[in-house]
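Structure record follows, encoded as structure tokens.
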Amino acid sequence: MKAEEGITILKIGGSVITDKSSDDGSAKLDEIERIAAEISRFSGRLIIVHGAGSFGHPQAKRYALTEKFDAKGAIITHDSVKNLNRFVVNSLNKAGLNSVPVHPIGNTVCENGRIVRMFIEGIRIMLKNGFVPVLHGDVVMDTVLGISILSGDQIVPFLAMQLGAERIGIGSAKDGVLDNEGKTIETITSSNFRDIEKYIGASENTDVTGGMFGKVDELLKLCEISSITSYIFNASKNGNVLKFLNGENIGTAINNTGK
Ligand code: IPE
């Protein structure tokens with residue numbers, strides 16, 4: 002672990018590590034282990050954020066959590082994602098890392114679904130001492146709504162700004178953002194977004210947080226306030242996570258320079 006190195010933030014989408022067509026928490030344990038093995042070969046400072054997939058979206062939908070406050074539904078949904086988080090953390094630790102679960106429900110406050118505050122002091126100390134914090138999409142407290150559903154896609158740019166991250170990757174189950182012919186769009190900037198917006202689909206399965214469109218939208222917002230380039234790439238393909246971690250630019254780059 003080189004302390005002087007920049008911070009990398011990697012999100013692993015719920016569609017990569019769960020069967021998203023299931024309506025109640027079906028984990029792809031082989032995929033979690035494969036990805037953990039790839040991550041274990043990286044020695045830089047790293048934060049992992051994972052999605053909820055079938056451990057969060059169907060539950061949030063069942064209790065209509067994006068429409069109304071439901072304390073029981075919130076707890077059931079959080080508990081379910083926490084189970085997925087345990088699989089991820091255990092696999093990372095078995096692969097040789099020292100990873101620590103960080104549940105947003107206890108350290109993050111939103112206002113109308115947008116993060117207004119996150120207690121990140123612990124994360125800073127973890128990074129300094131070689132731990133890998135593992136956050137996830139979650140149910141969080143909301144000053145207006147009582148609770149809201151927070152996507153990992155929003156956590157990633159927030160942490161990137163707070164901690165000054167150097168590299169951001171969003172591992173999805175597709176080869177980045179695809180155009181109408183199924184080809185990977187190389188670069189998305191706020192100037193070409195209007196033209197390609199129509200191709201960017203929502204998720205085929207239950208997704209309460211916006212699918213691919215939501216990811217691009219969050220990362221473009223980050224470009225407006227920083228010069229960080231983010232990559233959306235296919236984490237379901239063997240070796241791609243390690244390629245990203247090792248500095249390869251794969252999938253779709255999202256930035257404000259167009260390169
Ligand atoms: C969703 O998180 C959180 C809940 C539904 C509780 P994400 O938006 O990060 O999950 P994925 O990657 O789409 O599955």
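Here the working numbering = 1-based position in the sequence shown + 1. All C-beta atoms, glycine included, are put in the ideal place defined by N, C-alpha and C. All values reported here derive from a predicted model rather than from experimental measurement.
Can you list, in chain order, the residues of its chain with a C-beta nearer than 8 angstroms to that of residue i? Leave out the 5 residues immediately preceding and following it.
i, result
"Asp218", "Gly211"
"Thr185", "Asp176, Gly177, Val178, Leu179, Gly252, Thr253"
Leaving aside the five residues before and after residue i along the sequence, list all residues of the same chain whose C-beta is less than 6 angstroms from its C-beta, in chain order.
i, result
"Gly26", "Ser55, Phe56, Ser81"
"Asn164", "The question names Asn, but residue 164 in the sequence shown is Leu. Contacts found: Ile8."
"Arg103", "It should be noted that the sequence gives Val, not Arg, for residue 103. These residues qualify, in order along the chain: Pro134, Leu136."
Cβ atoms of residue j and residue i: under 9 angstroms apart, would you say?
i, j, result
"Met127", "Pro105", "no"
"Leu151", "Ile124", "no"
"Ile18", "Val89", "yes"
"Leu93", "Ile40", "yes"
"Val140", "Ile76", "yes"
"Leu246", "Leu98", "no"
"Ser231", "Ile255", "yes"
"Gly153", "Val50", "yes"
"Ala174", "Ile36", "no"
Go ahead and pull the three-state DSSP assignment for residue i.
i, result
"Asp143", "strand"
"Arg42", "coil"
"Asn113", "coil"
"Ala37", "helix"
"His104", "coil"
"Ile150", "strand"
"Val242", "helix"
"Lys3", "Reliability fails at Lys3, whose pLDDT of 45 lies under 50, so the model's placement of it is uncertain and no value is given."
"Val50", "strand"
"Ile189", "strand"
"Ile18", "helix"
"Leu66", "coil"
"Leu179", "strand"
"Leu30", "helix"
For residue i, report the span of its alpha helix (DSSP H) as first-last.
i, result
"Pro158", "153-164"
"Ala72", "72-95"
"Leu220", "212-226"
"Ile124", "122-129"
"Ala61", "58-63"
Quick one: give me the first and last residue of the beta strand (DSSP E) that residue i is part of.
i, result
"Gly172", "168-173"
"Lys12", "8-13"
"Ile255", "253-255"
"Ala194", "According to the sequence shown, residue 194 is Phe rather than Ala. Counting along the chain, Phe194 falls outside any beta strand (DSSP E), though it belongs to the alpha helix (DSSP H) covering 194-197."
"Ser231", "231-235"
"Val318", "The structure shown does not extend to residue 318, since the chain spans only 2 to 260, so no value can be given for it."
"Leu98", "No beta strand (DSSP E) holds Leu98; DSSP gives it neither H nor E."
Suppose the cutoff is 7 angstroms on Cβ atoms and the five residues either side in sequence are ignored; what does the same chain contact list for residue i look like?
i, result
"Ala28", "Ile18, Thr19, Leu85, Phe88"
"Ala38", "Ala96"
"Ala61", "Thr67, Thr78, Ile150, Val209"
"Arg42", "Leu243"
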